[in-house]
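First up is the structure itself, then whatever we jot down about it.
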Amino acid sequence: MTLGYSFSNLASIHYAKPEVISEILEFSKNRWVAVYYTDGSFHRYTTYGSPLTLRSSEDLEKIRVSKGKHLRTIYASAKVYRKISIKEDLYDDENIMACTPSWDVDNTLSEWRTTVKAAEIILDFLRDMNVRESLYVKWSGEGCHIHIHEKSLSREMLSKFNPFDVAYAVVEYVILKTSPSLLELTNRSQNLKVENLMDPQRVFTCPLSLHRVLDVVCVCIAPSDLRKFEPSWIDPTSFKHYSAWKSFKEGELDQLAEKALTVVGPYPAKKRRVRKHPPLDKQILDTFRRLEKF
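Residue 283 in the working numbering sits at position 292 of the sequence shown, with consecutive numbering throughout.
Below, the structure written as structure tokens:
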């Protein structure tokens, strides 16, 4: 989708909108931020070496133009931290306050209907597991992300388990359980991939951020509206955005989290740097027996 704007002009207009500023700041709160500029550079730290964060509109204004480079895309970590001041804060497990379970449904934009079908499979399973009030979909460029609000995990569960381990296990477990249905779609669409991309430094596009390459905006979608989605919703000049993505019900993730941790376990230590999701057919063969009793 091309609108005829230069990268810098589109970004300048878009990131000046109050709604855009508000949504980006809300999602970025207590998260590690990464920014992509139109010259192709990617930044996760300030010029002083501290992790990049967005706490105010002034912070956002500072990153809009940096040494002649124009802001294009804003990302924020899946992890939510108690404090982010120095690099060491990012690697302290005790400093992780929460983590957002997220599924990546990757495809080409021209096959958006297939992307919607794949996302619906994930959402239907989550609803069957009584996760209903803490769900939202984020359409980002060619595909979408499915998110569970991080506050849907109870404080009791957070006191027992590492939030990142819970998020990783939940995403992996759901993919394993929905593999047969997803495999039918991937067999018909060579570009479709449904992946667990949860790793220690994972970032996701912020709501209402522009895409890195395409002239489209990242919008949130209510699960109940996903079947109505059309590519026109992501047009930066007239986007349709679900602002209630912040809604959640504390504790509704607990049951699924317990099952996922039992079957999948925590994030493997050997994969702390590289995370590659196995093909769906291998997942089915490797896990059917293990999952039958769950």
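Just so it is clear, CB atoms sit at the ideal spot from N, CA and C, and this is done for glycine as well.
Source: prediction; values computed, not measured.
Near residue i, what residues of its chain come up, given a Cβ to Cβ distance below 6 Å and the 5 sequence neighbours on each side ignored?
i    : result
P154 : I87, A89, C90
D245 : S145, M148
H34  : V26
L188 : D95
Y127 : H138, C211, W236
A213 : Y233
R264 : Note on R264: pLDDT 45, under 50, position unreliable in the model; the coordinate value appears next. Excluding residues within five positions, none has a Cβ falling inside 6 Å.
Q181 : none
A251 : A160, V161, Y164
L114 : P214
Residues in the same chain with beta-carbon distance under 7 Å from residue i, minus the five sequence neighbours each way, listed in chain order, please.
i    : result
R203 : Y27, R63, T64
L282 : Model confidence at L282 stands at a pLDDT of 49, short of 50, so the residue's coordinates are unreliable; what they give is reported in the following sentence. Answer for L282: L167, K168, V254, listed in chain order.
D30  : K60
I225 : W130, V207, V208, V210
G256 : A160
A110 : V96, V128, C135, I137, L217
D84  : N153
Please classify residue i: is it buried, with 16 or more other beta-carbons within 10 angstroms of its beta-carbon, or exposed?
i    : result
E49  : exposed
W142 : According to the sequence shown, residue 142 is Lys rather than Trp. Buried, since its Cβ has 16 or more Cβ neighbours within 10 Å.
K293 : Outside the displayed span of the chain (-8 to 285) sits residue 293, for which this structure offers no information.
N0   : exposed
E163 : buried
T228 : exposed
A260 : exposed
R294 : Residue 294 is absent from the structure shown; the chain starts at -8 and stops at 285.
V24  : buried
Quick one, are the C-beta atoms of residue i and residue j less than 7 Å apart?
i    : j    : result
D97  : G134 : yes
S125 : F18  : no
T44  : I75  : yes
R55  : Y6   : yes
S93  : H140 : no
A69  : R193 : yes
N121 : E243 : yes
D156 : Y258 : yes
V185 : L174 : no
I15  : C197 : yes
L81  : P42  : yes
L199 : V11  : yes
In the DSSP output, what is residue i paired with across the bridge?
i    : result
Y72  : I87
K184 : D97
T196 : Y66
H61  : V56
V26  : H34, I65
V210 : W130
L201 : V208
Closer than 8 Å by C-beta to residue i: which residues in its own chain qualify, once you throw out the five before and the five after it? Chain order, please.
i    : result
F289 : With the chain running from -8 to 285 in the structure shown, residue 289 is simply not present.
A2   : T29, R55, H61, L62, R63, L201
L176 : T105, K108, A109, I112, L183
Y72  : N21, R22, W23, D80, L81, N86, I87, M88
Practice task
Pick out the complete alpha helix (DSSP H) segments inside the stretch 31 to 59, 4 residues or longer, and give them in chain order.
Solution key: 48 to 55
Handout entry: Unbroken stretches of the alpha helix (DSSP H), 4 residues or longer, contained in the stretch 100 to 150
Key = If only uninterrupted alpha helix (DSSP H) runs of at least 4 residues are considered, those enclosed by the stretch 100 to 150 are 103 to 119.
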